[in-house]
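Residue numbers (my numbering), protein chains in the order written: chain A, 46 to 1049; chain B, 935 to 1427.
Using N, Cα and C, we set each Cβ at its ideal position, and we do this for glycine too.
Read the structure below first, then the notes.
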Amino acid sequence: MDSNKKYWKGLEELQQTPAFVEKSKGEFAESIPVEEVLNEAGLSTKTPRRDFLKALGFGVGAVTLAACNRTPLHKSIPYLIKPEEVTPGIPNFYASSFNGQSVLVRTREGRPILLEANPAAQGLNCGTDAGTQAAVLDLYDQAKLQGPKFHGTDTSWDELDTQVVTALGSAAAAGKQIRIIASTVNSPSTIAAVARFTEKYPTTRLIEVDAVSYSGITKANQQSFGKAVVPQYRFDRADVIVSVAADFLGTWVSGEEHTQQYISNRDYKSLKKGRMSRHIQFEGGMSLTGSNADVRVAIKPSEEGPLLIALYNAITGGSLPGGLSSNSKAQTALKLVAQELRQAQGRAVVVSGANDIAIQTLTNAINVALGSYGGTIDLDNPSYLLKGDEEAFSAFLAEANRGDVDVAFFLNSNPLYYHPDAAAVKAALDKIKFKLSFADREDETASELDAIAPNHNFLESWGDAHPRGGYYTIVQPTINPVYNTRQAEQSLLIWAGDTTDYYTFVKTNWEQNILAGSSKTWKDVLQTGFEYKGDAPAGTYTFDTSGLAGVAAAITKQSQALAKDVEVQLYQSIALRDGRQANNAFLLELPDPISKVTWDNYAALNPKFAESLGLGENSVVEVEGENGYKVILPVLMQPGQAMGTVSIAIGYGRTKVGKAGNNVGQNAYPFAKIVNGTLQFNTTAKLNKASGSYELAQTQTHHTIEGRNIIRETTFAKYKEDPSHNTGRWSDSHKTYDLWDKYEEPGHKWVMAIDLNACTGCGSCIVACSVENNVPVVGRDEVRRRREMHWLRIDRYYTIEQEGESYTEEDEIGRLEDLENVSVVHQPMLCQHCDHAPCETVCPVLATVHSSEGLNHMAYNRCFGTRYCANNCPYKVRRFNWFNYWNDSRFDNYLNNEFTQLVLNPDVVSRTRGVMEKCSMCIQRIQAGKLQAKIEQRPLKDGDIKLACSAACSANAIIFGDANDPNSEVSKALRNERVYYVLEELNVQPGVGYMTKVRNTFEA
Amino acid sequence: MSSHNESILREPLITGKDITYAKVTDDILLPVENKPNKAWWIGFTLAALGALLWVVSVSYTFWTGIGAWGLNKTVGWAWDITDFVWWVGIGHAGTLISAVLLIFRQNWRNSINRSAEAMTIFAVICAATYVVAHMGRPWLAYWIFPLPNQFGSLWVNFNSPLVWDAFAISTYFTVSLVFWYCGLLPDIASVRDRAAGLKRRIYSIMSFGWNGSVKTWQRFEIVSLILAGISTPLVLSVHTIVSMDFATSVIPGWHTTIFPPYFVAGAIFSGFAMVQTLLLVMRKVLNFENYITMFHIESMNKIILVTGSIVGIAYLTELFIAWYSGSEYEMYAFANRIAGPYWWAYWTMMTCNVISPQLFWFKKIRTSIPISWVLSIVVNIGMWFERFVIIVTSLHRDYLPSSWAMFYPSWVDVGIFVGSIGVFFTLFLLFLRFLPSIAIAEVKLLLKSASLQQKTKLVKEGHLNPEQVEFFRNSLTKYDSVTEEDIKELEIK
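Rendered as structure tokens:
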């Protein structure tokens, strides 16, 4: 309706009076009485309600605006020119090697974050031990030098080169000696570089010396067979293995390689074929190898030699004097062992851990009698990992003392730490005019020398290795040098006046020597990471037994010398080995496979022996060596330790290695002694109870299964009768009822099988898991409070055997008299990804939920930390972030700086304080594997996805895969008769199956 | 209720002579209307220092993380949840007294319900602090409630007992607070009417305009009954649900169907003990002997005896079932409680909770004020240990021996617990100072029926069975507030 009617509100509007016009301008607006309010009168007047509301509105608005802080910006700078091979978010892998182990280095956006065994090198010393897994952290070590040093002050490379060349020149002019002291150099290119250097300075000699020596073996082989090498052992070819104090699965020669060989005769595949080797271990301290033995007999170090004499006599029918006369248990075992060995002619091996020429010569005699050479022992493709000779080093010290040496370089060598007589070394070094170290940090030796020319980390270096006959690996850099360091070989070349860069040098060396006559090119090698030229054919070896009487006499003499006091056995711990990586927080917190101690070394004593000395849990003891060296060490009660002996790990007690590793434990090297030119780790000491107490940081403090069925064991004889013997097979005989609906798992169902017979307990998986998943290191005090964060742990349980009975309950064990006979089982324990997970039902906020692929997920962002899930976890695998471990100065073990944080895996979020975490079955790897398959438009294949732990396991004890694929390796493994599930009776339906532990014990 | 004469056989609930309505008001409002005495100040200072310790300990925890406590990978709850359950349990007596006893027309509750309810509220406040403080990320505590949110379709897990717990505790707190405050209204109005100035204005606001009309009283009675009806199931539900935090788990020693009744009995047990602890001091210091009489004390001791016995039977049943179950884990859990490393906690619990209340079978003991007071504290120590035993000894050695661990409290654990007692007493002492600690209006109801004065009058009037009077006289001998002359007066000449 159209209307032009207009209504006035009043006459004023019609007439448009001035007053009205004025008013209508401000019809709705009312001026804000700021002035009135702010003047003094205003302040005292009553505030009208509307003003109050205005002020309130303004105030709230202003405060809100003021509080709108900008979100802090973390700038990530894109590549200006993107390198062809780098795609952010996609890892690159480079083949390299560490300690002769061929590895793939995983890099992300140009930084190495993980080492993995090179799958192409399967069977060729492939595999990674805990040290290799942790080695990536050494690259990001803050203790490293940032540039060269001269007399303790920073200098430039030019300056340093001038100084070095001057020193070399004057030495050459005076005809004085130049020495390069290095730990074993098996790198062909390094040797070539040294040769180039020697051309220029002919008085140069390379002296190889290792902290832990195998020269006893080398020299015995020289004497017996004319070959000064450490042979390659082939445990895969042995049906009967006798080890006398050789920790061959752990630290002896090449543990990872041996583990693969050893397990190939003992894992589920071998058992399926009805094959299992028998392993008898005689030793004093409980070693990793001893813990895996079928039969372990505790003997003192002084009994090692006599035992071998008796064994030789029993096998050959010989009558060498000085056979074992003490230790009735060992004598009984010896008879059975000799019989076994004789029957396994050609398929047996005897190894001995003593670094002693006489004992090794006798061992050679036994092995010749057993026909081991060419079969289980390969002298023709020897190991080149450990070639050090302490006699050569002693000779060098003598030369230095005489004043013949003017220049000494130290490459990977730290004798002021590991030499038994560091004072003598220091005195000798003081007589040398110019001393230089290539150490990457100011370590015990480097800090005492004139100059430090810091070497690259291996991840920044070019290089190669020749770990054993016919097998060469390369080392290639995966990151630009972080600091102003220079590769040692490059330095040697420069000082020799050769300006070739070391990359070209290595490449040329390979092309001219190693790859000569091969169809492979340098590029091929860069891709595969190694060159294997095949094994040299086995020679035949005979043994001249005429000298054995003298050997036996020498053994008897040594044995008597050892037996006079408390016998000390120095050993390398699985984590720290010789102490080279002692600043590595991952290794410091890796629990010892046997004692589960972290962050310390200790005096391991048999509980009964400790009792007799008045020592107990948390006691401390003063150990006084033959040379008067004294340290105070905490006592560890170690069942299985031979009575009257003490085991002490070397590699601890470093003083100049870095923040994490300084003054952790005590240095045990000074207890060692050099006898007949070989370094002896068996010695004697006096033990005196010291005052005070010390609590070791152990991740496990209860050591037996208390008769529970969580570990299921059988013997090989019983297994042959019934492969499912003692698995319990609870689900076969019980009907279960569920409260919950069955989860549909239509696509994949990720599960795991763990072979208890394959797991040696070495702990490589623990480190791999920590590196992959950014699991924080928490430090000694937190471990003492039982707060270690490891997602994967290895439970170790003792069973005490006495008079044919097994005891697993601590009450019973407390009443036993003899704690030498112990059997050990290692059980990797991680989140079982239960289908009916108790943790999931109790979380109030659904922070932990089940996936359609059978995984138990943890949503960190949703977790507010009631810890109910951890309480309700029957396996106790959940870990709580008690503090902000990565950003709290109290836990400055490694990660509280931006440099070391570069080691973090960007695929895994680092967890904040107050949040629960646990094994995710490397969900990021599963996801990456699935995406890769999707990109390639193909179904996921078994083996596409490897978890960090299973990839790190040389023994293949951890098998991961898809249970929905009946042909996957894990499905096959889980169909094995030996499979059982831990705590199956709770009906939590765990996703990790375990296979019974089978021991090939003597049939009684 | 006051219109008829109560049987002479019933013991008086109010003693003293010349008691008038005015005198009741005067007596009860004495601490509210006067400056606090020295005893109050000493108590308040101590309590406030405790509360300060609590503030320091909790702040330290929030600043550094739960790692400040002694917990570890195996024992994820210890003192925190022990204290939580302990305080929630203590809270139970208030509701029982105010609701259940009201419905059952137990008039003797009238003198003690006010302070018992106050105790409930303060205890639940203390308990609630642990709910928040024990979280790894307490600033996200609100996630426990099914609130609409911007995190996607994120909801809470209705299967989780912790969610039930959050509902139970918050409901319980709300209802208890409303019930308590409604009951306070007529008494606040009394304070208002006698006060002047600012005080009058404040109490006036707090009294919600109470005018004392018949209609107001009628509504008051109806609301009280309705709230009592709502509260009654809460008495059972709250601790039932708290017990389900444990009972629904798989941990041996927790996974137990007996927990709900056992926890409820234990809660009432500890609640009455705490009421006893508080009232025995309060009646002495505030001269309430005529209102909180020996009858009250004895009745509460009887309840402690009964619930203590229920708890004892529950302990024995647990042991039997552990054996009867044939489950080695269950058996070990209990063997470990009895003889494991925490045996001393178990036996402290047994002694304090099972053996000590049995002393109340003796009339001499249950009518002795000092012994009652000591035993009430013993019971509360025992109930703290009960929760500690259940939580820590079950967790520290569960299924896999590799993870067995010990729990050692840190100074923060101790600080928060001791501090929470400080918080509790600070609140309770402020309550005594500012609000009538006995329900004035409800006590007045009893004056014309259940007071000694009234009964004396009845006796003097004659018409009573002399045997019954004699019985009544004998029952008075235990009263500390009744003199021999008072009893003599009742002799029928």
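- Asn906, Arg907, Cys908, Phe909, Gly910, Thr911, Arg912, Tyr913, Cys914, Ala915, Asn916, Asn917, Cys918, Pro919, Tyr920, Lys921, Val922, Arg923, Arg924: these are the residues of the segment 905–924 of chain A whose beta carbon lies less than 9 Å from some beta carbon of chain B, given in chain order.
- Under the Cβ distance rule, A:Glu758 does not count among the residues neighbouring chain B, no pair being separated by less than 8 Å.
- Listed along chain B are Asn1006, each with a C-beta nearer than 7 Å to that of A:Arg830.
- Runs of the alpha helix (DSSP H) spanning 4 or more residues and lying entirely within the segment 490–554 of chain A occur at 533–540, 547–554, in chain order.
- DSSP lists A:Gln872 as the beta-bridge partner residues of A:Asp840.
- In the assembly as shown, A:Cys113 is an exposed residue. Its beta-carbon has fewer than 16 other beta-carbons within 10 Å.
- Look at the segment 935–962 of chain A: the residues with a C-beta under 9 Å from a C-beta of chain B are Arg935, Thr957, Arg958, Gly959, Val960, Met961.
- If you look at A:Tyr577, you'll find it in the beta strand (DSSP E) that goes 575–577.
- For B:Met1140, there is no enclosing beta strand (DSSP E); the residue is found in the alpha helix (DSSP H) stretching over 1131–1140.
- Uninterrupted beta strand (DSSP E) stretches at least 3 residues long and entirely within the segment 729–793 of chain A occur at 758–760, given in chain order.
- Against A:Thr749, the close residues of chain B are Pro1335, in the order they occur along the chain (beta-carbon pairs closer than 7 Å).
- Residue contact check for B:Met1140 against chain A: no CB pair falls below 8 Å.
- About 5 Å separates the beta carbon of A:Ala389 from that of A:Asp284, a gap short enough to meet the 8 Å contact definition.
- The contact set of A:Phe1047 on chain B, defined by CB atoms closer than 7 Å, is empty, because the minimum CB distance reaches about 28 Å.
- Non-local C-beta neighbours of A:Val887 in its own chain, meaning closer than 7 Å and more than five positions away in sequence, comprise Tyr913, Cys914, Asn917, ordered along the chain.
- The closest CA to that of B:Val1022, considering only B:Ser1158, B:Ala1373, B:Gly1205, is found on B:Gly1205.
- Following the DSSP letters along the chain, one finds B:His1230 inside the alpha helix (DSSP H) bounded by residues 1228–1259.
- Identification of chain B residues near A:Arg753 by a Cβ-Cβ cut-off of 9 Å yields Glu1262, Tyr1263, Tyr1266, Tyr1333, Leu1334, Pro1335, ordered along the chain.
- With fewer than 16 other Cβ atoms from the protein chains shown falling within 10 Å of its own Cβ, B:Ser1147 counts as exposed.
- Residue state for B:Gln1210 is assigned as helix, using DSSP reduced to three classes.
- Taking 8 Å as the CB threshold, B:Trp1338 lines the interface with chain A.
- Residue-level contact by beta carbon holds for A:Thr746 and chain B, with a gap shorter than 8 Å.
- Excluding five sequence positions before and after B:Tyr1137, the CB atoms of its chain that fall closer than 7 Å to its own CB belong to Ile1122, Val1125, Arg1126, Ala1129, given in chain order.
- A:Thr211 and A:Thr549 have their alpha carbons spaced roughly 26 Å apart.
- A:Phe280 is outside the set of residues whose beta carbon lies under 8 Å from a beta carbon in chain B.
- In terms of Cα proximity to A:Asp623, the closest of A:Tyr697, A:Phe503, A:Arg323, A:Leu593 is A:Tyr697.
- Taking a C-beta distance under 8 Å as the contact criterion, A:Asn372 and A:Glu349 do not qualify as a contact pair.
- DSSP lists no bridge partner for A:Asp645.
- Around the C-beta of A:Pro582, fewer than 16 other C-beta atoms lie within 10 Å, and the residue is accordingly described as exposed.
- The beta carbon of B:Thr1360 sits closer than 8 Å to the beta carbons of Phe978, Ala981, Ala982, Gly984, Ala985 from its chain, once the five residues preceding and following it are set aside; these are given in chain order.
- For B:Gly1070, the nearest CB of chain A lies under 8 Å from its own CB, placing it at the interface with that chain.
- A:Cys888 reaches chain B at Asn1091, Ser1094, counting residues in chain order whose Cβ is nearer than 7 Å.
- Nearest neighbour of A:Lys221 by Cα position, chosen from A:Asp449, A:Leu386, A:Glu634, turns out to be A:Asp449.
- Closest by C-alpha distance to B:Met1265, out of B:Leu1366, B:Gly1187, B:Thr1054, is B:Gly1187.
- Counting only residues of its own chain and dropping the five nearest sequence neighbours on each side, B:Thr1191 has a CB closer than 7 Å to the CB of Ala1181.
- Counting along the chain, A:Asn901 sits inside no alpha helix (DSSP H); it lies in the beta strand (DSSP E) bounded by residues 901–903.
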